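> Here the sequence shown is numbered in numbering that gives the first Met the number 0, starting from 0 and rising by one per residue. Ideal Cβ placement from N, Cα and C applies to all residues, glycine included. Bear in mind that the values here come from a model prediction, so they are computed numbers and not experimental data.
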Amino acid sequence: MPNFHIVTDSCAHFADPQWLSRYPVTVVPNKIELGGKTYLEGVDLSAEEALHLMATQSTPPMVTSPSTADFVKAYNKIARDYDAILSIHASREMYSSWHNARRAAQQLSSDGDIAVIDSQALCIGQGMLVQVAAEALPQAEPFETLVRHVRGAVERIYAVYYVETVGYLLHNKLLEPSHGILSAMLNVKPFLTVEEGRLMVIEKVRTRLQAVERMVEFVTEFDGVQNAVIVQPKLGKPSQAACYKSAWG
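Take a look at the structure:
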């Protein structure tokens, strides 16, 4: 396998986090401010623990991307053992991780190859792009081949998000305030997707049953789906993901 390493930030989520242990992938953690304390995501606080804490707080958490110094530290450590680094990050329109990683790469460019890619996604969409990169590693030589392969996959990843509350998105300025006002006034819950790196509302529903029906409609609009992932918090309704899976067959 080529001696390349993949870096991402903890905005990336994975259907099976255990697969990370099989590949040379480093996740640089975001900082989460919650309940008057600051945590490193995935280090001090797991996603499940964060959900439990959020349920007890009146104010949504604030998420801060890794700093340029955080990426410099990570890159320097990786560069001791690897020839090149592919760094894949959350949409630059929503988070600063891409900008900070790019600045870090520019500072260290003389020490080796570092390519920084904007996934134009977040959460599971970003995670799927990281997985595409990791699974391509055995045949990815020279390094430019891997970079082209991953850049080409950006436009082929499509994610739809159904949320029952937009408080977190508004608090972190990921969604226009007008959508929060409309959701509250009309008692509707939005379907979101990422277009040109920004969260966009593409549909609104009132019930979970409508959500399942609409989600199925979205999936059937695509031909030749290579991989599909259904993700929900463990604290969510346990039947929801099963409903989606059953409806899709």
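Using DSSP with H/G/I as helix, E/B as strand and the rest coil, what is T219?
The answer is helix: DSSP assigns T219 an H, G or I state.
> Does the segment 131–138 come into contact with the segment 166–178, if we say contact requires no fewer than three beta-carbon pairs (one atom in each stretch) closer than 8 Å?
Because the criterion of three Cβ pairs below 8 Å is not met, the segment 131–138 and the segment 166–178 do not touch.
> May I have the straight-line CA-CA distance separating V62 from E32, to the nearest angstrom?
One C-alpha to the other measures close to 6 Å.
> Return the first residue and the last residue of the beta strand (DSSP E) that A133 is part of.
Element bounds for A133: not the beta strand (DSSP E) but the alpha helix (DSSP H), 122–135.
> In terms of DSSP beta bridges, what is F190 paired with?
DSSP output for F190 lists Y161, E202 as bridge partner(s).
> Among residues of its own chain, excluding the 5 on either side of D112, which ones have a beta-carbon nearer than 8 Å to its beta-carbon?
Hits under 8 Å: D82, A83, I84, F142.
> Could you tell me the distance, in whole angstroms, from the CA atom of T7 to the CA atom of G166?
Distance between the alpha carbons of T7 and G166: 26 Å.
> Thinking just about the alpha-carbon of each residue, which of Q105, A14, L107, H98 is nearest to the one in S118?
Selected option, being the one with the closest Cα: H98.
> Would you call the segment 152–162 in contact with the segment 211–229, where contact means no fewer than 3 C-beta pairs closer than 8 Å?
With a cut-off of 8 Å, the segment 211–229 and the segment 152–162 count as touching, because enough Cβ pairs lie within range.
> Nearest-angstrom Cα distance between T49 and Y38?
Residue 49 is actually Ala in this sequence, not Thr. A49 and Y38: Cα-Cα distance of roughly 10 Å.
> Hey, T25 and I87 are a contact pair by Cβ (cut 8 Å); roughly how many whole angstroms apart?
That belief does not hold up - the Cβ atoms of T25 and I87 are roughly 11 Å apart, past 8 Å.
> Could you give the DSSP three-state label for A246: helix, strand or coil?
For A246, the predicted structure reports a pLDDT of 49, less than 50, and the residue's modelled location is therefore unreliable. A value from the coordinates is still provided. Looking at A246 - three-state DSSP - the assignment turns out to be helix.
> Tell me, to the nearest whole angstrom, how far the beta carbon of K203 is from that of V193; I am working on the premise that it is less than 8 Å.
Not confirmed; about 17 Å, so no contact.
> Let me make sure I understand the geometry here. Which of L121, S9, T67, D15 has the alpha-carbon closest to that of R197?
Here the closest residue by C-alpha is L121.
> Rounded to a whole number of angstroms, what is the C-alpha to C-alpha distance between P146 and A114?
Per the sequence shown, residue 146 should be read as Val rather than Pro. So the two alpha carbons sit approximately 7 Å from each other.
> Check the DSSP bridge columns for M61 and list the partner residues they point to.
Note: M61 sits in a beta bridge opposite E32.
> Measure the Cβ-Cβ separation of S64 and S96 and say whether it is below 8 Å.
Taking 8 Å as the Cβ cut-off, S64 and S96 qualify as a contacting pair.
> Throw me the rounded Cβ distance for the Q253 and A152 pair, which I believe falls under 8 Å.
The chain is shown from 0 up to 248; residue 253 falls before or after that span and cannot be answered.
> My assumption, with CB atoms under 8 Å, is that V129 sits in contact with A54. Please give the rounded CB distance.
Contact flag wrong, Cβ pair sits at about 28 Å.
> When you compare the CB positions of Q56 and G34, do they come within less than 8 Å of one another, or not?
In this structure, G34 lies closer than 8 Å to Q56 by Cβ.
> Looking only at its chain, what residues have a beta carbon closer than 7 Å to the beta carbon of A246, apart from the 5 residues adjacent to it on each side?
Low local confidence applies: a pLDDT of 49 at A246 is under 50, so the model's placement there is unreliable, and no value is given.
> State the Cα-Cα distance for the pair S177 and V200, rounded to the nearest angstrom.
Whole-angstrom Cα-Cα distance: 11 Å.
> Compare the C-alpha of V27 against each of E47, S66, P1, P59 and name the closest.
For V27, the nearest C-alpha among the options comes from S66.
> Any idea if L208 is buried or exposed, counting beta-carbon neighbours within 10 angstroms, 16 or more meaning buried?
L208 should be labelled exposed.
> What are the boundary residues of the alpha helix (DSSP H) that H98 is part of?
Its alpha helix (DSSP H) spans residues 96–107.
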